[in-house]
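Undergrad: In the UniProt record's numbering, the protein residues as written are 1 to 251. A virtual CB, placed ideally from N, CA and C, is assigned to each residue, including glycine.
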Ligand SMILES: NC(=O)c1ccc[n+]([C@@H]2O[C@H](COP(=O)([O-])OP(=O)(O)OC[C@H]3O[C@@H](n4cnc5c(N)ncnc54)[C@H](O)[C@@H]3O)[C@@H](O)[C@H]2O)c1
């Protein structure tokens, strides 16, 4: 099969580690030219180097999604390299499983999660739109979470932020359709990676038992659906939310 993303220039945010790094590696293997961003400077440089060693074309930029000025400056640098074909809004604050209930939830944490996961996703997409339009349209994939579909407890800000990502995906799809930009979301289940190392085994077991496909989820379980949504195989798919969770919750 020909490379699915051959020659496409794709920005993956939060790609220093975890699901973002996994999808960046998968996109590179399918011929994409990559731009990767994160706040973790050292890990981002390591990811970029590892991708280059495999022959990928990759540019790495530190962009803090909590900071509108950082987004603006980062996107201006990206624009110097030309247009974009795709954006994967993967960066997020992804912590909190087993934290406080809504009765005791910390307000500062709430504000920070919303600033990065919701406002950051909006501002990154807004800044990318001219670069996608410059190529005649493009594809946006937002990382939601299945926690927003089943209402995971003790994770209030995160769940609310991912619910907002799902709603924004639909609204963005309607607003950006006339610019020939498709916007979709994926909603992964609990996935083994650096960010979830602290999650107790009981929580993994709870997920595994509730899945139609009874096993734990790995980062590369998520890659294929994101690549499809970035590719020319999905050009008439927009505003959709695809759970990727082995059938833990259906949409
Ligand atoms: N791992 C899971 O179980 C799981 C499940 C469902 C959804 N997701 C979603 O997948 C995405 C990736 O999650 P992950 O599990 O790989 O977690 P992660 O924490 O490893 O990845 C998120 C990345 O975003 C970066 N980031 C955080 N704040 C940032 C900021 N202000 N500016 C720029 N970058 C920032 C982090 O440094 C990190 O590299 C997230 O959107 C997460 O919500 C993860």
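1. Quick check: residue 170 and residue 239, are their CB atoms within less than 9 Å of each other?
2. Any idea which residues DSSP pairs residue 33 with across the strands?
3. Out of 10, 22, 213, which one is the CA nearest neighbour of residue 79?
4. Quick one: does the C-beta of residue 158 sit closer than 8 Å to a heavy atom of ligand 1?
5. Taking only the alpha-carbon atoms, compute the straight-line gap between residue 177 and residue 204 and give it to the nearest angstrom.
6. Counting C-beta neighbours from all protein chains within 10 Å, is the total for residue 188 16 or more, i.e. buried, or is it exposed?
7. Assuming the contact rule is C-beta atoms closer than 8 Å, residue 45 and residue 32 should be a hit. Round their C-beta distance to whole Å, please.
8. Comparing the CB of residue 143 with every heavy atom of ligand 1, is any distance shorter than 8 Å?
9. Would DSSP call residue 188 helix, strand or coil?
10. Pull up the DSSP beta-bridge partners for residue 142, would you.
11. Considering only C-alpha positions, which residue in the set 24, 226, 82, 248 is nearest to residue 131?
12. Please name the residue, chosen from 247, 121, 21, 142, that lies closest to residue 40 on a Cα-to-Cα basis.
13. Within the continuous alpha helix (DSSP H) that includes residue 68, where are the two ends?
14. Let me confirm a value: residue 152 is counted as buried when at least 16 other C-beta atoms fall within 10 Å, else exposed. Which label applies?
15. Could you check which residue in 186, 48, 73, 160 has the C-alpha nearest to that of residue 102?
16. If you draw a straight line from the C-alpha of residue 116 to the C-alpha of residue 107, how long is it?
17. Pairs of beta-carbons, one from the segment 234–248 and one from the segment 196–215, closer than 8 Å: are there three or more?
TA: With the structure as the only source:
1. For the pair residue 170 and residue 239, the CB atoms are nearer than the 9 Å cut-off.
2. Residue pairing by DSSP places residue 33 opposite 9 in a beta bridge.
3. 10
4. yes
5. 38 Å
6. buried
7. Actually they are not in contact, since the Cβ atoms of residue 45 and residue 32 sit about 19 Å apart, beyond 8 Å.
8. Indeed, a heavy atom of ligand 1 lies less than 8 Å from the Cβ.
9. strand
10. 89, 185
11. 82
12. 21
13. 68–80
14. buried
15. 160
16. 14 Å
17. yes
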